[in-house]
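Trainee: For the record, in the sequence shown the residue sitting at position 36 is 78 according to this note's numbering, with numbers rising by one throughout.
We put the beta carbon where it would ideally sit given N, CA and C, even for glycine.
The structure that follows is given in the form of structure tokens.
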Amino acid sequence: FLLILTYILIFTGLLLLYSASKGVISKSGFFIKQCIWVVAGTGIISFLKGVNYRELKRSAVFLYFIILFFLMLVLLVGGKGVSRWIKLGWFNFQPSEFAKFVLIVTLASYLSNKNVRRFPVFVGSMIIVGIPFFLVLMQPNLGTAFIFIFIFLGILYQAGMSKKQFFALFFFVLLLSPILWFGMKPYQRERILTFINPGRDPLGAGYNLLQSKITIGSGGFLGKGFLKGTQTKLAFLPEYHTDFIFCILAEEFGFIGVILLLFLYYLFFKKIVEIISFTSDKFAQLLASGILTLFLSQFAINIGMTMGLFPVVGIPLPFISYGGSSLLTSLICVIFLKNIQDSSSIF
43 FLLILTYILI FTGLLLLYSA SKGVISKSGF FIKQCIWVVA GTGIISFLKG
93 VNYRELKRSA VFLYFIILFF LMLVLLVGGK GVSRWIKLGW FNFQPSEFAK
143 FVLIVTLASY LSNKNVRRFP VFVGSMIIVG IPFFLVLMQP NLGTAFIFIF
193 IFLGILYQAG MSKKQFFALF FFVLLLSPIL WFGMKPYQRE RILTFINPGR
243 DPLGAGYNLL QSKITIGSGG FLGKGFLKGT QTKLAFLPEY HTDFIFCILA
293 EEFGFIGVIL LLFLYYLFFK KIVEIISFTS DKFAQLLASG ILTLFLSQFA
343 INIGMTMGLF PVVGIPLPFI SYGGSSLLTS LICVIFLKNI QDSSSIF
């Protein structure tokens, strides 16, 4: 059932990308590439299906240092400005996407046989997440950096973090806030200020958010119909095939389409919670909790930012937004969830 839900979401994403490809600015290349990634991802998870999830625990340190290498490499080869991708032919490899999964594996492995309430263990887990956090922040990729924090909190909660540790972490983040603010690029600070007051720059930093709200609202109850969206087809809304793909759904399928999508995600998240509840292996519980936090935080932030509830930070909608690295990472997460499920006698 988990895989069925996953591929229903993927098919929904392909449907929306196909619609996006029919605008005045053709995006057919993105649709074709995403189809290729779906096929490639299916092949990869078919191979990984036979790999026991416990192998991840044994490989955690190796995977962690490999991903740190790529996160440092992208800063060197990415050039000036935004450095998030390594170009491999026609494929842009984004290490920060795969780093999400590797961070989950590493934290789950580290905490699976330790007491998180012990101060040295707590500090050790902060170091594990802190290194990739700052490397990703330097790209700069504020959205992914904050996803790392959510993953960290999700796994710590499952591991039994105390209230004192939670508040200590909270105040630590507060202390870091001024450093993070002044370390941001001007456009990142502008996005946050625009989130607070969208009308301050309606033709600049606030343009995407305002157009996003117009697009979602224009769909009404039943939507304009498949391939009949105007805000997206006429390119009023930029990046509608990636960060703002939810807007295509809202415009063309309306409130009913949005409710159906939310229900699919609800079933998907519910299934992961069941897997966490019924497995007795602590590593599996932490691994599944980290994956749940990853999907849930990306889902909430992506939809929230299209409606003006969060700043625009460039977070994909799981399985639906365009992006090979994101899709492959998500599919890898799902196949190991399936592996945990199959390894439990309950299922």
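First and last residue of the alpha helix (DSSP H) that includes Asn344?
Mentor: 324-348 is the extent of the alpha helix (DSSP H) around Asn344.
Trainee: Figure out for me which residue from Leu309, Leu195, Ile170, Arg233 has the closest Cα to the Cα of Leu105.
Mentor: The shortest C-alpha separation from Leu105 is found at Ile170.
Trainee: Under the DSSP definition of a beta bridge, which residues are partnered with Asn134?
Mentor: Paired residue(s): Lys129.
Trainee: Are the beta-carbon atoms of Gly185 and Gly356 separated by less than 8 Å?
Mentor: For Gly185 and Gly356, yes; Cβs fall inside 8 Å.
Trainee: Would you mind giving the Cβ-Cβ distance between Phe263 and Gly296, rounded to the nearest angstrom? I have them listed as a contact below 8 Å.
Mentor: Contact holds; Cβ gap of about 5 Å.
Trainee: Considering only the beta carbon of each residue, do Pro353 and Arg233 sit closer than 8 Å?
Mentor: Result yes, Cβ atoms of Pro353 and Arg233 sit closer than 8 Å.
Trainee: Nearest to Ala330 by CA position, among Lys99, Leu118, Leu252, is which residue?
Mentor: Checked all of Lys99, Leu118, Leu252; the closest Cα to Ala330 is Lys99.
Trainee: Is the Cβ-Cβ distance between Val116 and Pro137 less than 8 Å?
Mentor: Against a cut-off of 8 Å, the Cβ pair of Pro137 and Val116 comes out as a contact.
Trainee: Report all residues from its chain with a CB closer than 8 Å to the CB of Gln327; omit the five preceding and five following residues, and keep chain order.
Mentor: If we look at Gln327 and ignore the five residues flanking it on each side, its Cβ neighbours are Gln200, Ile318, Thr321.
Trainee: Write down the C-beta distance between Ala292 and Ile258 rounded to the nearest angstrom, noting that I regard them as a contact closer than 8 Å.
Mentor: Between Ile258 and Ala292 the Cβ distance is about 4 Å, and since that is below 8 Å, they are a contact.
Trainee: Comparing C-alpha positions only, which one of Leu252, Ser154, Leu113 sits nearest to Phe135?
Mentor: It is Leu113.
Trainee: Answer with buried or exposed for Glu294, where buried requires no fewer than 16 other C-beta atoms within 10 angstroms of its C-beta.
Mentor: Per the 10 Å Cβ criterion, buried.
Trainee: Helix, strand or coil for Thr321? Go by DSSP, reduced to three states.
Mentor: Here Thr321 sits in coil by DSSP.
Trainee: Going by C-alpha to C-alpha distance, which of Ile345, Ser367, Cys375, Leu304 sits closest to Leu51?
Mentor: Comparing Cα-Cα distances from Leu51 to each of Ile345, Ser367, Cys375, Leu304, the minimum goes to Leu304.
Trainee: Taking all protein chains shown into account, decide if Phe389 is buried (16 or more other Cβ within 10 angstroms of its Cβ) or exposed.
Mentor: Since pLDDT at Phe389 reaches only 43, below the 50 mark, its modelled position is unreliable, and the value read off the structure follows with that caveat. So Phe389 ends up on the exposed side.
Trainee: Would you grab the beta carbon distance between Gly299 and Phe133 for me? Rounded to a whole angstrom, and I think it's under 8 Å.
Mentor: Wrong, their Cβ atoms sit about 31 Å apart, outside the cutoff.
Trainee: From Ile46, Gly166, Ile362, pick the residue whose C-alpha is nearest to that of Cys289; which is it?
Mentor: Cys289 has its Cα closest to that of Ile362, out of Ile46, Gly166, Ile362.
Trainee: Can you tell me whether Thr274 is buried or exposed? The criterion is at least 16 other CB atoms within 10 Å of its CB, across all chains shown.
Mentor: With 16 or more Cβ atoms within 10 Å of its Cβ, Thr274 is classed as buried.
Trainee: Distance check for Asp384 and Asn250, CA to CA, integer angstroms please.
Mentor: Going from the Cα of Asn250 to the Cα of Asp384 covers about 43 Å.
Trainee: Report yes if the C-beta distance between Leu373 and Gly83 is below 8 Å; otherwise report no.
Mentor: Yes, the Cβ-Cβ distance between Leu373 and Gly83 is below 8 Å.
Trainee: According to DSSP, simplified to helix, strand and coil, what is Leu359?
Mentor: Leu359: coil per DSSP, three-state reduction.
Trainee: What is the DSSP secondary structure of Phe43, reduced to helix, strand or coil?
Mentor: Three-state result, Phe43: coil.
Trainee: Go through its chain and collect everything with a Cβ distance to Leu216's Cβ below 8 Å, but skip five positions before and after it.
Mentor: Cβ neighbours of Leu216 beyond the five flanking positions: none.
Trainee: Could you tell me how far apart the beta carbons of Asn381 and Leu359 are, in whole angstroms, since I believe they sit closer than 8 Å?
Mentor: Not really, about 25 Å apart at Cβ, beyond 8 Å.
Trainee: Taking just the CA atoms, how far does Phe194 sit from Leu149?
Mentor: Each residue's alpha carbon lies about 8 Å from the other.
Trainee: Tell me the DSSP secondary structure of Val315 in three-state form.
Mentor: Note: Val315 maps to helix in three-state DSSP.
Trainee: Mapping the DSSP letters down to three states, classify Pro353 as helix, strand or coil.
Mentor: Coil, per DSSP.
Trainee: With H, G and I counted as helix, E and B as strand and the rest as coil, what does DSSP make of Phe53?
Mentor: Residue state, collapsed to three classes: helix.
Trainee: What do you get for Ser368, buried or exposed, if any count of 16 or more other CB atoms within 10 angstroms of its CB means buried?
Mentor: With 16 or more other Cβ atoms within 10 Å, it is buried.
Trainee: If you draw a straight line from the C-alpha of Val302 to the C-alpha of Thr335, how long is it?
Mentor: For the sequence presented, residue 302 should be read as Leu rather than Val. Approximately 22 Å between the Cα atoms of the pair.
Trainee: Hey, Ser339 and Phe192 are a contact pair by Cβ (cut 8 Å); roughly how many whole angstroms apart?
Mentor: That pair is a contact at about 4 Å.
Trainee: With a Cβ-Cβ cutoff of 8 Å, do Ala102 and Ser151 count as a contact?
Mentor: A contact, by the Cβ cut-off of 8 Å.
Trainee: Once you ignore the five residues that flank Lys156 on each side, which residues in its own chain have a CB closer than 7 Å to its CB?
Mentor: Here the set comprises Val163.
Trainee: Secondary structure at Thr48, three-state DSSP: helix, strand or coil?
Mentor: Three-state result, Thr48: helix.
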